[in-house]
Every structure is written in structure tokens, then in C-alpha cells.
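Engineer: Dumping the structure here so I can ask a few things about it.
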């Protein structure tokens with residue numbers, strides 16, 4: 002069993018509270034991604050799990066055991082760092098077996114573990130090289146090898162891909178995913194890259210200012226973000242947040258959006274409870290629409306927006322069309338060459354996947 | 130080919146003339162540069178030249194007026210005298226015992242001050258504690274402290290410790306005085322080593338000493354060399370501390386050299402004086418020749434990244 006429970010963990014630097022009662026719990030084999038911008042406290046939390054930073058309040062339990070007062074080496078963890086942190090004067094082999102040497106693992110066992118890890122990561126030919134003779138991707142692999150031989154209860158990754166170039170980052174991402182599938186270990190992974198979070202995680206914790214904003218599986222975080230911050234942070238281009246007025250017609254919620262140079266447009270079929278609809282009836286709300294929920298309107302399209310396209314940005318597989326609605330700029334993802342700049346267009350909206358937010362608190366309305 | 134070359138040479142267009150005059154100017158420029166470089170080098174090496182030639186001349190020849198010229202007859206008698214027979218006022222045993230004194234003094238002082246500086250730099254950069262910056266600032270202050278300012282308190286301290294006038298006392302003085310510099314060297318070098326290395330080692334299970342010995346020290350080779358050269362030169366060449374804190378038999382070579390040069394019975398033996406000065410200067414020269422490459426490399430590495 003290698004579960005991780007973070008129970009109301011706090012971190013204070015003097016008066017400054019950088020983590021405010023964070024609670025996260027994951028099970029064996031979970032891949033938890035701590036996602037957020039720099040300064041949100043995600044790396045601090047990771048270091049607290051690792052034992053590199055003291056825990057100011059609350060508890061952290063690994064496999065059911067409280068680790069608050071344990072030193073890093075007694076927590077049964079392994080960590081991969083952003084800068085790889087390979088020991089510069091040691092060869093790859095020495096780097097990988099350094100920890101085992103300290104723990105007094107016999108030579109024969111060390112050799113076997115090094116060989117297994119080297120085979121797994123396809124770096125047997127690199128074992129006698131120094132870190133300075135390796136490329137970025139190879140160094141990353143060595144850092145992972147060093148973690149693997151430990152056979153820890155918990156793997157910790159601190160932005161492991163951000164020093165790599167774009168192409169390599171995608172390759173290594175796949176490799177980490179494959180590794181997780183094969184080893185089945187529990188992983189905590191820190192990143193500011195929402196694509197990494199989406200592709201790798203089984204659980205995502207979106208963080209901001211030391212508070213977990215949303216903890217769920219990646220698809221749920223993407224589809225039903227807990228608040229406007231999460232909605233904008235996850236997804237690229239990010240979710241459109243359009244101010245609108247909520248009205249109730251025949252017991253169902255309808256969002257009324259202002260379109261410049263046209264009559265206000267009504268969008269029906271928004272998934273909110275009847276209580277919420279009643280509560281917000283007649284009030285301003287924020288309508289969250291992912292760019293891909295737009296499409297070119299056909300004859301059967303029920304929910305439509307007639308807009309003037311300002312700019313089109315072709316990306317290859319599809320084109321981003323930008324227009325004004327509700328006083329903000331809205332991005333729609335449409336097929337290539339479907340629309341042209343500075344021309345009117347009618348777009349259909351898949352309103353069943355729209356998310357509503359409170360205009361004041363910016364929290365999701367269910 | 131020959132005709133071609135001839136026709137090319139004769140048909141000198143204005144452009145070709147320009148190119149040729151440019152080349153000539155270039156050559157003249159080079160000649161001026163190298164000429165002045167050689168002149169400067171010769172000027173700088175003049176004292177060394179005088180020392181070496183004088184040390185292998187006969188005293189008669191020196192007194193005959195030949196100071197700069199080549200020796201008529203090379204003789205190493207003066208070197209032998211300087212090494213084992215020259216008198217310093219109390220005894221006539223040459224520089225040899227004092228040379229050994231200096232070795233016994235310099236080697237432990239270099240090792241200790243470098244070792245302590247390395248540990249200090251390691252702690253100040255990788256195990257920061259409240260007030261560590263203040264301590265570093267105070268240590269830095271020690272770099273600017275002139276020798277003269279510490280002589281009295283040092284003498285008192287040595288008296289209390291019962292080390293006054295002894296070689297171990299002088300070793301202690303140089304070690305303490307050197308720590309400010311060696312700490313600065315190592316601190317600036319270790320600052321450039323990422324903290325993540327230490328964190329990785331902690332997770333691997335390494336402790337304070339293990340991280341220092343297995344990770345930091347092997348990576349610090351260039352700055353170890355710098356620190357050793359610096360300290361060796363400082364301590365070997367020191368005169369003031371040596372003259373202040375030792376006496377007679379325990380004096381380092383610089384003090385003995387001074388005594389030999391200043392004591393004269395009858396004719397002043399310039400050749401012996403020069404040989405003695407050469408002997409006193411050889412070890413530092415040797416250290417620079419052997420490890421000078423590391424010195425420049427280590428200094429710049431620390432300076433750029435620190």
C-alpha cells in the first residue's frame with residue numbers, strides 16, 4: 002500500500018502563510034498532479050511531502066504512517082528534480098547507486114538494480130559517462146533511474162520536463178506515463194503546464210495562493226471546473242467566460258448574452274439545477290463556454306449565436322475565430338476555412354456542456 | 130605558372146598596391162607589438178636575471194664591477210653556502226633548517242585553513258541558518274584586516290595558549306588569518322553549485338558530512354587548488370608574523386633570509402645573498418608553475434558565477 006494523505010497541511014514563513022490547510026488524499030497507483038502558476042505553493046507542498054521543508058501545521062501520512070518528523074531518507078520516497086540534480090563528479094552508474102551505497106546495499110544487489118533500471122530506461126550504454134557528457138533528455142532519464150532503483154512508496158517529480166525543449170518534453174511525457182503504467186507506483190508530480198497535468202494525471206489539484214482550488218480527475222476538472230480561475234487555467238485556448246443575465250423560462254435556465262450590433266441572444270439547455278436557476282433568476286452570471294463547444298450552425302442547430310468575426314487564427318487542424326459577445330472577446334474553435342475575418346457568422350453552441358459561475362464569488366453554479 | 134606570376138606581379142593595379150601597403154603596415158604593426166612585448170618582458174625579468182647571474186659569480190668578479198653581464202665562470206659555491214653555511218648572526222647553518230621550518234609551518238597551515246574554509250563555505254551556502262549572512266559578512270571583514278592590526282591580540286592569545294615563539298603558534302596564526310580568504314573562495318564557488326544537488330543527496334540518505342565529502346569536495350577541485358596556492362604563497366612569503374611570533378631556531382625562511390642578508394662580516398657576499406633569496410623564492414615559483422593553470426581557471430569560475 003502506498004497511499005498519500007495530506008491532512009490540513011499548513012506552511013508558514015514567519016507571518017506569511019504560503020499553504021492554507023491543504024487536504025489531498027490519493028490511493029495506491031494514483032498519479033497526482035499539483036498544478037498552478039509559480040508561487041502558488043505547489044513546490045513547497047512537494048518539498049513538505051519529501052521532508053525538505055518543515056510542516057508548520059497539519060499532518061502528512063505516507064502509507065498510513067505520519068511522516069511529519071521523519072527525515073527525507075526515512076520517508077521511503079524518491080524525487081526527480083527540475084535541474085535533474087545529478088552529482089557532477091560521478092558517473093551515471095555511481096549516480097544511480099549512490100543512495101543504495103549509503104543504505105549499505107551489497108554490491109551484487111546494486112549491480113542488479115542498476116542493470117534493471119538501465120534496461121527499463123534504455124540507457125545501458127550511458128552508465129560510464131559523466132552527467133556533463135549527456136543531453137538533457139538523457140540526464141532526465143538518469144534522474145528517473147536514480148529514483149526507480151530506490152523502489153519507493155512514493156515518487157515525487159518537481160517540474161521534471163520544464164528544462165527540456167518542446168519536442169523532447171512530449172516524448173518524455175509519454176515515457177513517464179508508460180513508466181507509471183508499468184511500475185504502478187504512486188506519483189506526485191508538480192507542474193505549471195496544464196497539458197502535462199491533463200495527459201499524465203489520474204488526479205489533478207489546481208492550486209492558487211496556497212489553496213487547492215479544485216481536486217478531481219483531469220476530465221472532470223476540464224469539463225466542470227470549480228471556479229473561474231480553474232476554468233481559465235486549464236485548457237488552451239482557455240474557457241470563454243462571458244458575462245450574461247440568467248432568466249428562467251418555463252422552469253428552465255436561459256442565459257441572455259449581449260451581442261454588439263444585434264439583439265441579445267438567448268441560450269437554453271444549460272445544465273443547472275432548478276433550485277440554482279430559481280436562485281439566480283434575473284441576476285448577472287458568468288457563462289463558461291469552451292472554444293470547442295462552438296460549431297458552424299446547421300439547419301437543425303437549436304442554440305445559435307450570430308456574431309461578427311474579428312480575427313481568424315488558423316492552427317492547422319482547426320481555426321480559432323475571435324468575436325465580441327457579452328462585452329468580452331470570445332474564442333471559438335471551428336473547422337479550417339469555415340469562417341473569414343470581418344464577416345458575420347452563425348455559430349451553434351453545445352449548451353449541455355456550458356458551465357455557469359457566480360458573478361461575485363466566481364464559483365461554479367450547479 | 131612562372132609567367133603568370135610575373136605578369137601578375139608587374140600589372141600592379143592601384144588595388145594591389147593598396148593591399149600590399151596594407152600588408153606592410155600590418156607587418157610593421159606586428160613588429161612593434163612583439164618588439165614592445167619582448168622589451169617589457171625583458172625589463173620585468175631583469176631583476177631575476179641579475180639575481181641568477183650574481184648568484185653563480187665569484188665574489189671577486191662582482192666587486193670588479195660586473196653586475197649585469199654574464200658570469201666569466203659559473204660556480205654554485207654561493208648556493209651551497211646559502212643553503213648550509215651562511216651565518217645569520219647567531220649560527221652559521223645556512224637556510225636549510227629554516228627552509229624546513231617554513232615547510233613544517235606552511236603545509237599544515239595551508240591544509241587547515243583550506244579545510245576550514247571549505248567547511249565554512251559549505252555551511253554558509255548549503256546549510257543556511259539564521260545569522261549565517263552576518264557571520265559571512267564578518268568573515269569578509271577579516272579579509273581587509275591588515276596584519277599589523279592583529280599582532281598584539283595575537284601575541285596575547287598565543288601567550289595564554291602557551292604557544293608563544295613556537296612553530297605550532299605560527300601555524301595557528303596563519304590558519305586563523307587565512308580562514309577569511311579561504312571561506313570567501315569556497316563560499317563563492319559553492320554558491321554556483323545548485324541547492325537541488327544537496328536536496329537530492331538528502332533524499333538519497335546522505336548526511337552533512339557525506340554530502341560534503343562525496344559531492345561538494347570532488348566538485349570543488351579547482352577552488353581547492355586556488356585556495357592552496359593562495360595560502361601557500363601568503364604563508365611562505367610572510368615575514369611580519371614570522372618575525373613577530375617566532376624567535377631564533379623557530380624562525381621561518383623569510384626571517385632567516387633577512388638575517389643572513391643583513392649580517393655581514395667583512396665583504397658583503399652578494400652572490401650568497403642572491404642565492405639565498407632564490408632559494409627562499411623557489412617553492413612559491415614551483416607551486417605556480419605546477420598549478421597555475423588551475424589558479425586562473427578556479428578564480429574565474431568563482432568570480433563569474435559567484
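Protein chains in written order, with the numbering used here: chain A, 2 to 367; chain B, 130 to 435.
Cβ atoms here follow ideal geometry from the backbone N, Cα and C, with glycine treated the same way.
#1: How would you call residue 166 of chain B, buried or exposed, if buried means at least 16 neighbouring beta carbons within 10 angstroms?
#2: Is residue 211 of chain A near residue 20 of chain A, with beta carbons less than 9 angstroms apart?
#3: Taking 9 angstroms as the CB-CB limit, is residue 103 of chain A close to chain B?
#4: So does the stretch 195-213 of chain B actually touch the stretch 400-412 of chain B, counting three or more Cβ pairs closer than 8 angstroms?
#5: Who are the Cβ neighbours of residue 183 of chain B in its own chain at under 8 angstroms, not counting the five residues just before and after it?
#6: Measure the alpha-carbon distance for residue 10 of chain A versus residue 374 of chain B and round it to whole angstroms.
#7: Do you know offhand how far residue 274 of chain A's Cα is from residue 197 of chain A's?
#8: So, are the CB atoms of residue 353 of chain A and residue 252 of chain A less than 9 angstroms apart?
#9: Using a beta-carbon distance cut-off of less than 9 angstroms, what residues from the stretch 154-184 of chain A approach chain B?
#10: Using 9 angstroms as the threshold, is the C-beta distance between residue 183 of chain A and residue 128 of chain A below it?
#11: Work out the CA separation of residue 367 of chain A and residue 279 of chain A for me, nearest whole Å.
#12: Along the beta strand (DSSP E) that carries residue 187 of chain B, what are the first and last residues, could you check?
#13: Cβ of residue 114 of chain A less than 9 angstroms from any chain B Cβ?
#14: Given a limit of 7 angstroms on CB to CB distance, which residues of the stretch 253-282 of chain B reach chain A?
#15: Just the Cα atoms here: how many angstroms apart are residue 37 of chain A and residue 209 of chain A?
#16: Put residue 1 of chain A into one of helix, strand or coil per three-state DSSP.
#17: In chain B, which residues lie less than 9 angstroms from residue 74 of chain A when you measure between Cβ atoms?
#18: Start and end of the beta strand (DSSP E) containing residue 325 of chain A?
#19: Note down, in chain order, every chain A residue with its Cβ under 7 angstroms from the Cβ of residue 352 of chain B.
#20: Which residues of the stretch 44-58 of chain A have a Cβ closer than 7 angstroms to any Cβ of chain B? Give them in chain order.
#21: Identify, in the order they occur along the chain, each residue of the same chain with its Cβ nearer than 7 angstroms to the Cβ of residue 315 of chain A, setting aside the five sequence neighbours on each side.
#22: Tell me whether residue 256 of chain B is buried or exposed, calling it buried when 16 or more other Cβ atoms sit within 10 Å of its Cβ.
#23: Extract the residue ranges of the alpha helix (DSSP H) inside the stretch 238-308 of chain B, only unbroken runs of 4 or more that lie entirely within it.
#24: Between the beta-carbon of residue 313 of chain A and the beta-carbon of residue 306 of chain A, is there less than 9 angstroms?
#25: Where does residue 12 of chain A land, buried or exposed, given buried means 16+ other C-beta within 10 angstroms?
#26: Let me check one thing: in DSSP terms, what residues is residue 225 of chain B bridge-paired to?
#27: Taking beta-carbon pairs under 7 angstroms, can you tell me which members of the stretch 149-161 of chain B lie near chain A?
#28: Check residue 356 of chain B in the structure and name its three-state DSSP category.
#29: Does the stretch 72-92 of chain A come within contact of the stretch 319-328 of chain B, defined as at least 3 CB pairs closer than 8 angstroms?
#30: So is residue 113 of chain A buried or exposed if we call it buried at 16+ other beta carbons inside 10 Å?
#31: For residue 179 of chain A, verify whether its CB is less than 8 angstroms away from any heavy atom of the ligand SAM.
#32: Would residue 230 of chain B be called buried (16 or more neighbouring beta carbons within 10 Å of its own) or exposed?
#33: Quick one: residues in its chain with C-beta nearer than 8 angstroms to the C-beta of residue 168 of chain A, no 5 flanking neighbours on either side, listed in chain order?
#34: Is it true that the stretch 185-204 of chain A meets the stretch 151-165 of chain A, where meeting means three or more beta-carbon pairs spaced less than 8 angstroms apart?
#35: Can you give me the C-alpha to C-alpha distance between residue 339 of chain A and residue 311 of chain A, rounded to a whole angstrom?
#36: State the Cα-Cα distance for the pair residue 323 of chain A and residue 242 of chain A, rounded to the nearest angstrom.
Structural biologist: The relevant details are as follows:
#1: Residue numbering aside, residue 166 of chain B sits at position 37 when the second chain is read from its first letter. With fewer than 16 Cβ atoms within 10 Å of its Cβ, residue 166 of chain B is classed as exposed.
#2: Start at 1 with the first residue of the first chain, and residue 211 of chain A comes out as number 210. Start at 1 with the first residue of the first chain, and residue 20 of chain A comes out as number 19. The answer is yes: Cβ separation under 9 angstroms.
#3: Sequence index remark: in the first chain, residue 103 of chain A carries index 102 (1-based). For residue 103 of chain A, the answer is yes, since a Cβ of chain B falls inside 9 angstroms of its Cβ.
#4: yes
#5: On the second chain, residue 183 of chain B is found 54 positions in, with the first residue counted as 1. Excluding sequence neighbours, residue 183 of chain B sits near 191, 196, 399, 400, 403.
#6: Translated into the one-based positions of the first chain, residue 10 of chain A becomes position 9. Translated into the one-based positions of the second chain, residue 374 of chain B becomes position 245. Spanning the two alpha carbons is a distance of roughly 60 angstroms.
#7: By one-based count along the first chain, residue 274 of chain A stands at place 273. By one-based count along the first chain, residue 197 of chain A stands at place 196. One C-alpha to the other measures close to 33 angstroms.
#8: As a working mapping, residue 353 of chain A is identified with position 352 in the first chain. As a working mapping, residue 252 of chain A is identified with position 251 in the first chain. In this structure, residue 252 of chain A does not lie closer than 9 angstroms to residue 353 of chain A by Cβ.
#9: 157, 159
#10: Here residue 183 of chain A is taken as the residue at index 182 of the first chain, counted from 1. Here residue 128 of chain A is taken as the residue at index 127 of the first chain, counted from 1. No, they are not a contact pair.
#11: Sequence index remark: in the first chain, residue 279 of chain A carries index 278 (1-based). Sequence index remark: in the first chain, residue 367 of chain A carries index 366 (1-based). Roughly 12 angstroms separates the two Cα atoms.
#12: Along the second chain, read from residue 1 onward, the residue named residue 187 of chain B stands at position 58. Per DSSP, residue 187 of chain B belongs to no beta strand (DSSP E) and is neither H nor E.
#13: Counting from 1 along the first chain, the entry for residue 114 of chain A is found at position 113. Not one chain B Cβ lies under 9 angstroms of residue 114 of chain A.
#14: none
#15: The residue given as residue 37 of chain A occupies position 36 in the first chain. The residue given as residue 209 of chain A occupies position 208 in the first chain. If I take the Cα positions, the gap works out to 6 angstroms.
#16: Past the edges of chain A, shown from 2 to 367, lies residue 1 of chain A, and the structure says nothing about it.
#17: One-based indexing of the first chain puts residue 74 of chain A at position 73. Per Cβ cutoff of 9 angstroms: 331, 332, 333, 334, 335, 336.
#18: The sequence position of residue 325 of chain A within the first chain is 324, counting from 1. Taken as a continuous stretch (DSSP letters only), the beta strand (DSSP E) holding residue 325 of chain A covers 320-326.
#19: Counting from one through the second chain, the residue named residue 352 of chain B turns up at place 223. Per Cβ cutoff of 7 angstroms: no residues; residue 352 of chain B is ~13 angstroms from chain A at best.
#20: 51, 53
#21: Residue numbering aside, residue 315 of chain A sits at position 314 when the first chain is read from its first letter. The residues are 337.
#22: Counting from 1 along the second chain, the entry for residue 256 of chain B is found at position 127. Flag for residue 256 of chain B reads exposed.
#23: 261-272, 276-290
#24: Working through the first chain from its first residue, we reach residue 313 of chain A at position 312. Working through the first chain from its first residue, we reach residue 306 of chain A at position 305. Not in contact: residue 313 of chain A and residue 306 of chain A (Cβ atoms no closer than 9 angstroms).
#25: Looking up residue 12 of chain A in the first chain gives position 11. By the neighbour-count rule (16 or more Cβ atoms within 10 Å), residue 12 of chain A is buried.
#26: If you number the second chain from 1, residue 225 of chain B lands on position 96. DSSP, once it has assigned bridges, lists no residue as partnering residue 225 of chain B.
#27: none
#28: Position 227 of the second chain, counted from the first residue, corresponds to residue 356 of chain B. Note: residue 356 of chain B maps to helix in three-state DSSP.
#29: yes
#30: Position 112 of the first chain, counting from 1, holds the residue named residue 113 of chain A. The residue is exposed, with fewer than 16 neighbouring Cβ atoms inside 10 Å.
#31: Only the bare structure without any ligand can be found here, which leaves the ligand SAM out of the picture.
#32: Residue mapping note: residue 230 of chain B aligns to position 101 of the second chain, counting from 1. Buried, since its Cβ has 16 or more Cβ neighbours within 10 Å.
#33: Numbered from its first residue, the first chain carries residue 168 of chain A at position 167. Excluding positions up to five away in sequence, the list is empty.
#34: yes
#35: The residue given as residue 339 of chain A occupies position 338 in the first chain. The residue given as residue 311 of chain A occupies position 310 in the first chain. Rounded to the nearest angstrom, the two C-alpha atoms are 14 angstroms apart.
#36: Residue 323 of chain A sits at position 322 when you count from the first residue of the first chain. Residue 242 of chain A sits at position 241 when you count from the first residue of the first chain. Looking at the two C-alpha atoms, the distance is approximately 13 angstroms.
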